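2 protein chains.
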Amino acid sequence: MLKRLLLVAANNKRLERQLGTNPRTRKLVSRFVAGTTLEEAIQVTKDLNNRGIAVSLDLLGETVEDLRKSAVATAAYIEAVQAIARECPGATVSVKLSQLGIGLDPAVCAAHLDDLLRAADDVGVLVEVDMEHSSVGGATLEAFRAALENYPDTRVAMQAAMRRTPNDLESFTKTKPRIRLVKGAFLETAERALQAHDEVTSQYLYLTDWALEHLPDPAFGTHDDRCIDHVKEAAVRLGVDRSSYEFQMLYGVRRDLQQKLADEGYRIRIYVPYGTEWYPYLMRRMAERPANLIFFLRSLVSG
Amino acid sequence: MLKRLLLVAANNKRLERQLGTNPRTRKLVSRFVAGTTLEEAIQVTKDLNNRGIAVSLDLLGETVEDLRKSAVATAAYIEAVQAIARECPGATVSVKLSQLGIGLDPAVCAAHLDDLLRAADDVGVLVEVDMEHSSVGGATLEAFRAALENYPDTRVAMQAAMRRTPNDLESFTKTKPRIRLVKGAFLETAERALQAHDEVTSQYLYLTDWALEHLPDPAFGTHDDRCIDHVKEAAVRLGVDRSSYEFQMLYGVRRDLQQKLADEGYRIRIYVPYGTEWYPYLMRRMAERPANLIFFLRSLVSG
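Heads up: the sequence lines are chains A and B, in that order.
Following the working numbering, the residues of the first sequence are numbered contiguously, the last one being 447.
Following the working numbering, the residues of the second sequence are numbered contiguously, the last one being 447.
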């Protein structure tokens, strides 16, 4: 119920303006967002790398209203992959195709994605494609499938909550792309997605085994101890070395655990968002994890 | 909770003996089971056929403890397909591979299945393979996959509740076998199957669309109005004629609805069990539908 409210709030422009002008939200934002500029994000990446933690950079921003903005976002991503290659090789970028215009013109979006993938490939940086709401999910997956032909190391996020995900995964058993398994943080109907949190978690465990068995170098995007423990246990059971999969977590969430996994020799990559459009990103983080919401409310009260 | 209890009871030999000697259970058994002999089952089939309703015959019996019994069951099924060809062509048989010994020796079971499929093919009768508990589900599906090579019209039941089902279905997109979509009536862990009834229903709706889009002549095994309405609506939406799919229901369950669908020009096939081993079959029917349980309790009280 609360989750639903927060996910609706994520699309509320008025609330966004109000929170944006509230100085108390600053502290919150700075915990979960690396900064407003690429330079700040690169600095955070270097700090994390020094602690044995890999990074995927995310330029904040979601659906664009005109194609001009999608070109601007593409250029910003190309700038990011070039900065990564120079300053912190090993980092990846995570891109939302809605930001590249998939909702406006799939062909233009595909051209933008191709520009980004070529630029990244030129400098040896890998790209990860975020999975978004089902309204663009199908198109995102098709764009990813097409991109695989020239850039087979590209990774795509797959949401355990979506009913179509096992079908989509099974369709990958020949091409064997790299995926990031996440639970899924969008508001979806019962026809499209599992609704009960327990069911989503159980589905995540099931798909963890499937991914470890069938796909190379899977990433497990989760902060849930039950999921993390299951990944470790399933990998041992299935004979997958800890060098052959990675955990992914969000910047600012369970920082102690991030460091602990790195110290124990597990590969871990942190999704580091930067930019000015932090509002919908943050609302989804509140919705998916009560602890984040509590931190948010505390920072609003205590300033 | 109650469902779980009944599914546990389905494996309880002591309860089986007690109910088997209770004269009041007779009425109940005769509602859901066509009789103890093949002759009685054939007579029920003819009666249903006369009302525009197709049939699949099921020789009651589950896991066999020794391979001799699996040979006896196979011979009984072969007798059934020959009787069908003579007396009520158009009927199919539904076979549980546990009954043919899949839990004891998959190779022996495969040979039995092949004998049955050949005998059925010789007289133009189709065979449907029931899906059972996950302890034999994987082996059942592999046996079905092998059987498809020579007998591509064989049908297999797929359980919406099982997490692996969308993967299994997707793996069929090339061979395109006929399936029967059911919700699934076995006691399974959360790791293997959806637990919440609502989630299973939603998954059934999702897979209904998938089956209508991807597979020929799907059967929808359900007594749930929501599922039935969705099948009809999805078929219209996807341009699938009502001659290109069928409903399947169990003997004795929602008899008015069975007739109504037939009268409206929908294809409907009734799963007609016969034989002496009615106990686990009946317990599963109680577990999956409260109305069946109420009928059961009433018949115990009123005699």
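Glycine included, every Cβ here is placed at the ideal spot set by N, Cα and C.
Predicted model, so just to flag it, every value in this text is computed and none were measured.
- Between the alpha carbons of B/Arg307 and A/Leu203 lies a gap of roughly 35 angstroms.
- Proximity of A/Ala340 to chain B, defined by a Cβ-Cβ separation below 8 angstroms, is satisfied.
- The beta-bridge partner set that DSSP reports for B/Leu313 is empty.
- Runs of the alpha helix (DSSP H) lying entirely within the region 146-220 of chain B, each at least 4 residues long, are 146-153, 157-164, 169-176, 182-194 in chain order.
- Contacts between A/Gln347 and chain B, judged by CB atoms closer than 9 angstroms, involve Arg307, Leu338 in chain order.
- Comparing C-alpha distances from B/Glu209 to each of B/Glu160, B/Leu244, B/Gly383 shows the shortest one belongs to B/Leu244.
- In the three-state DSSP reduction, A/Gln403 falls in the helix class (H, G or I).
- Sixteen is the threshold: since fewer than 16 other Cβ atoms of the shown chains lie within 10 Å of the Cβ of B/Ser388, the residue is exposed.
- Uninterrupted beta strand (DSSP E) stretches at least 3 residues long and entirely within the region 290-370 of chain A occur at 299-303, 322-326, 363-365, given in chain order.
- Given a length threshold of 4 residues, each whole run of the alpha helix (DSSP H) inside the region 227-297 of chain B is given here in chain order: 250-266, 278-292.
- For A/Thr309 and B/Thr309, the gap between their C-alpha atoms comes out near 12 angstroms.
- Contacts between A/Glu314 and chain B, judged by CB atoms closer than 9 angstroms, involve Pro310, Asn311, Asp312, Leu313, Glu314, Ser315, Thr317 in chain order.
- The continuous beta strand (DSSP E) containing B/Tyr415 extends over residues 412-418.
- Against A/Tyr350, the close residues of chain B are Arg307, Glu335, in the order they occur along the chain (beta-carbon pairs closer than 7 angstroms).
- By the Cβ test, the region 319-335 of chain A is in contact with the region 287-307 of chain A, since at least three Cβ pairs between them sit closer than 8 angstroms.
- With 16 or more other Cβ atoms inside 10 Å of its own Cβ, B/Pro250 counts as buried.
- For the pair A/Leu359 and A/Ala301, the Cα-to-Cα distance works out to about 13 angstroms.
- Sequence-distant partners of B/Asp274 (beyond 5 residues in either direction) whose C-beta falls short of 6 angstroms from its own C-beta, in its chain, are Ser238, Lys240, Ala301.
- For B/Trp354, a Cβ of chain A is located within less than 8 angstroms of the residue's own Cβ.
- When beta bridges are read from the DSSP output, A/Leu394 appears opposite A/Tyr415.
- With a threshold of 8 angstroms between beta carbons, B/Glu343 makes contact with chain A.
- DSSP places A/Leu382 outside both helix and strand once states are collapsed to three, so it counts as coil.
- With a beta-carbon spacing of about 5 angstroms, A/Ala305 and A/Leu338 fall inside the 8 angstroms limit used to define contacts.
- In this structure, the beta-carbon distance from A/Ala224 to A/Leu192 does not fall below 8 angstroms.
- Counting along the chain, the unbroken alpha helix (DSSP H) around A/Tyr423 starts and ends at 423-432.
- If you check the CB distance, A/Phe364 and A/Gln392 come in under 8 angstroms.
- Cβ contact annotation for A/Arg411 (same chain, cutoff 8 angstroms, sequence separation greater than five): Ala198, Arg386, Ser387, Tyr389, Glu390, Phe391, in chain order.
- In the structure shown, the three-state DSSP call for B/Glu408 is coil.
- C-alpha of A/His367 to C-alpha of B/Ile414: approximately 48 angstroms in a straight line.
- For A/Ala227, same chain residues with a beta-carbon under 7 angstroms away, outside a window of 5 residues either side, are Leu182, Ile186 in chain order.
- Taking C-beta atoms as the reference points, A/Val216 and A/Ile246 fail to come closer than 8 angstroms.
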